[in-house]
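Quick note on numbering: the sequence shown equals residues 0 to 435 in numbering that gives the first Met the number 0.
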Amino acid sequence: MKQVAFYTLGCKVNQYDTEAMITLFTAAGYELVDFAEKADIYIINTCTVTHQGARKSRQMIRRAKRRNPQAIVAVVGCYPQVSPEEILEIDGVDLIVGTEGRREILDLIKQVKRADEPLNFVQDVSEVEEFEEIPIDKAEERTRASLKVQDGCDSFCAYCIIPYTRGSIRSRGIEDAVKEAKRLVSNGFKEIVLTGIHLGAYGREREEEFNLVTLLEELIKISDLKRIRLSSIEATEVTSDLIDLIAEEEKLCRHLHLPLQNGSDKILEAMNRDYNAKQYADKVAEIRNKIPQIAITTDVMVGFPGETEEDFETTYQLIKELAFSDLHVFKYSKREGTPAAKFPNQVHSKVKKKRSAKLRDLADDLASEYRKKFLGIELDVLVEEERDGRTDLLTGLTDNYLRVMIDDNDQYQEELVDVKLKELREDYLIGEIKKD
Ligand code: SF4
Numbered sequence: 000m001k002q003v004a005f006y007t008l009g010c011k012v013n014q015y016d017t018e019a020m021i022t023l024f025t026a027a028g029y030e031l032v033d034f035a036e037k038a039d040i041y042i043i044n045t046c047t048v049t050h051q052g053a054r055k056s057r058q059m060i061r062r063a064k065r066r067n068p069q070a071i072v073a074v075v076g077c078y079p080q081v082s083p084e085e086i087l088e089i090d091g092v093d094l095i096v097g098t099e100g101r102r103e104i105l106d107l108i109k110q111v112k113r114a115d116e117p118l119n120f121v122q123d124v125s126e127v128e129e130f131e132e133i134p135i136d137k138a139e140e141r142t143r144a145s146l147k148v149q150d151g152c153d154s155f156c157a158y159c160i161i162p163y164t165r166g167s168i169r170s171r172g173i174e175d176a177v178k179e180a181k182r183l184v185s186n187g188f189k190e191i192v193l194t195g196i197h198l199g200a201y202g203r204e205r206e207e208e209f210n211l212v213t214l215l216e217e218l219i220k221i222s223d224l225k226r227i228r229l230s231s232i233e234a235t236e237v238t239s240d241l242i243d244l245i246a247e248e249e250k251l252c253r254h255l256h257l258p259l260q261n262g263s264d265k266i267l268e269a270m271n272r273d274y275n276a277k278q279y280a281d282k283v284a285e286i287r288n289k290i291p292q293i294a295i296t297t298d299v300m301v302g303f304p305g306e307t308e309e310d311f312e313t314t315y316q317l318i319k320e321l322a323f324s325d326l327h328v329f330k331y332s333k334r335e336g337t338p339a340a341k342f343p344n345q346v347h348s349k350v351k352k353k354r355s356a357k358l359r360d361l362a363d364d365l366a367s368e369y370r371k372k373f374l375g376i377e378l379d380v381l382v383e384e385e386r387d388g389r390t391d392l393l394t395g396l397t398d399n400y401l402r403v404m405i406d407d408n409d410q411y412q413e414e415l416v417d418v419k420l421k422e423l424r425e426d427y428l429i430g431e432i433k434k435d
């Protein structure tokens with residue numbers, strides 16, 4: 000039996016794309032092995048959103064070839080999509096595929112065997128209009144699976160390379176998405192996380208045919224599916240229909256990840272984001288008004304070119320006011336090929352580091368404040384398959400993304416249980432299962 004090994008860098012969508020390729024290989028009779036083992040084929044699914052992603056991708060290519068010099072090494076995803084020549088120059092690369100064409104990966108591997116030089120199958124993604132349908136039937140975790148329903152982005156935020164690597168918006172048809180959700184549920188998954196590069200744009204290119212709300216309405220009907228979570232969505236794309244649906248439907252997690260990026264209107268404009276701070280804050284208020292316990296999390300970028308101390312302070316205050324339940328802080332990293340790479344007034348790395356540390360401290364305080372509100376309350380927890388590594392307790396998440404540890408010896412793994420939240424610890428809550 001031939002062996003294949005994968006290494007994945009980057010975002011949730013990339014993780015999903017790897018799962019899709021694994022499904023193709025295992026259906027064709029390949030054995031999936033760990034990347035640290037000897038394999039016949041190594042596939043590195045790359046990322047180029049940060050410099051680190053590109054460096055790590057190069058490192059893994061070399062590592063694969065060292066493990067088995069005879070192996071076929073294929074490099075796929077965003078990195079070859081934007082810099083094919085750079086990758087073809089790396090010794091040991093046999094095949095490059097971009098962010099389209101992964102569906103043909105098995106055929107391409109056959110062609111490599113016949114070729115005596117590296118093959119380049121990177122397509123021009125700006126021309127691609129159809130969602131590349133590759134079904135998956137498993138995921139890394141056993142309780143929660145991602146369901147990719149969208150690819151591409153047309154927004155061209157000034158710092159972001161994605162529109163160049165992933166092309167225009169393409170949405171998966173509702174029928175295909177529901178079919179895959181049903182398959183995942185029949186394989187035991189209880190929670191589905193809807194994923195896309197620009198999820199809120201789902202259906203936009205198909206005009207009035209369908210949208211995120213109509214997709215969710217269909218997914219809710221799947222009886223054994225317990226929870227549906229949205230991965231990340233732009234605040235401007237959270238419609239009142241979507242808010243109403245989340246408020247009404249128990250299966251929809253009360254959790255929205257709304258990237259803010261910055262709190263200064265000047266910086267938001269320079270970033271080419273399509274909202275200002277007030278519009279964002281109004282949206283948060285509208286959501287909280289209808290769904291009071293909702294977890295709103297966000298991404299913030301510090302050190303965008305031109306960000307002054309005053310801009311940063313405005314961002315800090317806004318984040319504090321909006322009381323996010325968690326935030327991911329990123330330091331701006333220059334990506335060649337994006338407009339912001341040429342902007343003047345690049346911010347020094349020491350300043351970025353300081354701003355990022357300050358926001359991370361704030362993130363800890365806000366997260367703990369949010370957790371505190373749920374002490375004494377009962378919530379459903381989806382218990383994961385593995386016990387928590389630090390405490391050896393059963394662990395899981397509530398729908399509003401609270402990490403809960405449960406001290407119980409009964410076997411509740413992969414079940415949705417009613418838990419009373421009793422105690423607050425550093426970054427989680429301790430709960431007790433209600434057994435009546
Ligand atoms: S919305 Fe902006 S940040 Fe998000 S993928 Fe599109 S261009 Fe990148």
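Even for Gly, the Cβ is constructed at its ideal location relative to N, Cα and C. In this text, all values refer to a predicted model and were calculated from it rather than measured experimentally.
query	result
Taking only runs that begin and end inside the segment 253–338, name each unbroken alpha helix (DSSP H) of 4 or more residues, in chain order.	264–269, 276–289, 308–321
Would you mind working out which of D264, M300, A322 sits nearest V283, comparing C-alpha positions?	A322
Tell me which residue opens and which closes the alpha helix (DSSP H) that V212 is part of.	211–219
Can you list, in chain order, the residues of its chain whose CB lies under 7 angstroms from that of E436, leaving out five sequence neighbours each side?	The shown model of the chain, from 0 to 435, leaves out residue 436, and the question about it has no answer.
Can you tell which of Q122, T22, V148, L183 has the C-alpha that lies nearest to the C-alpha of R141?	L183
In chain order, what are the residue ranges of uninterrupted beta strand (DSSP E) at least 3 long that sit wholly in the segment 356–404?	377–382, 393–397
With distances taken from CA atoms, which of V299, A27, N408, N399 is nearest R386?	N408
Measure the C-alpha to C-alpha separation of E206 and E335 and round it to an integer number of angstroms.	33 angstroms
Does F225 come out as helix, strand or coil in the three-state DSSP assignment?	Correcting the residue type first, residue 225 is Lys in the shown sequence and not Phe. Three-state DSSP puts K225 in coil, outside helix and strand.
Determine the closest residue to Q412 out of I429, T394, R424, Y400, with distance taken between C-alpha atoms.	T394
Cα-Cα, which of T47, L193, G172, E414 is closest to S145?	L193
Can you give the beta carbon distance from Y158 to T337, rounded, assuming they're within the 8 angstroms contact cut?	6 angstroms
So, using beta-carbon positions, are H256 and S231 closer together than 8 angstroms?	yes
Quick check for students: name the residue ranges of the beta strand (DSSP E) that lie wholly in the segment 125–209, counting only runs of 3 or more.	143–150, 190–195
Rounded to a whole number of angstroms, what is the C-alpha to C-alpha distance between A176 and T307?	44 angstroms
Quick check on A73: does DSSP put it in helix, strand or coil?	strand
Using only Cβ atoms and a threshold of 6 angstroms, which residues come within that distance of a heavy atom of the ligand SF4? Order them by chain position.	C152, S154, F155, C156, C159, I161, P162, I196, H197
State buried or exposed for P343, treating a residue as buried only when at least 16 other CB atoms are found within 10 Å of its CB.	exposed
Are the segment 365–384 and the segment 394–404 in contact at 8 angstroms, needing three or more beta carbon pairs?	yes
What's the C-alpha gap between G202 and L23?	26 angstroms
Go ahead and label S82 buried or exposed: buried means 16 or more other beta carbons lie within 10 angstroms of its beta carbon, across all protein chains shown.	buried
What is the DSSP secondary structure of E30, counted as helix, strand or coil?	strand
Please report the straight-line C-alpha distance between K265 and A280, rounded to a whole angstrom.	16 angstroms
How about V75 and R101: are their beta carbons less than 8 angstroms apart?	yes
Are the CB atoms of C46 and L87 within a distance shorter than 8 angstroms?	no
In whole angstroms, what is the alpha-carbon distance linking V403 and L423?	9 angstroms
Excluding five sequence neighbours on each side, which residues of the same chain lie with their C-beta closer than 7 angstroms to the C-beta of R143?	F188, E190, V192
From D223, I173, G151, pick the residue whose C-alpha is nearest to that of N186; which is it?	D223
Give me the residue from L401, S348, V299 with the minimum Cα distance to L361.	V299
From R354 to L118, what distance separates their C-alpha atoms?	44 angstroms
Secondary structure at Y427, three-state DSSP: helix, strand or coil?	coil
Buried or exposed: which applies to G97, given that a residue is buried once 16 or more other Cβ atoms fall within 10 Å of its Cβ?	buried
Report the CB separation of L244 from L215 in whole angstroms; it is logged as a contact under 8 angstroms.	6 angstroms
Can you give me the C-alpha to C-alpha distance between R373 and Y331, rounded to a whole angstrom?	Here residue 373 turns out to be Phe, not Arg, going by the sequence shown. Between F373 and Y331, the C-alpha separation is close to 34 angstroms.
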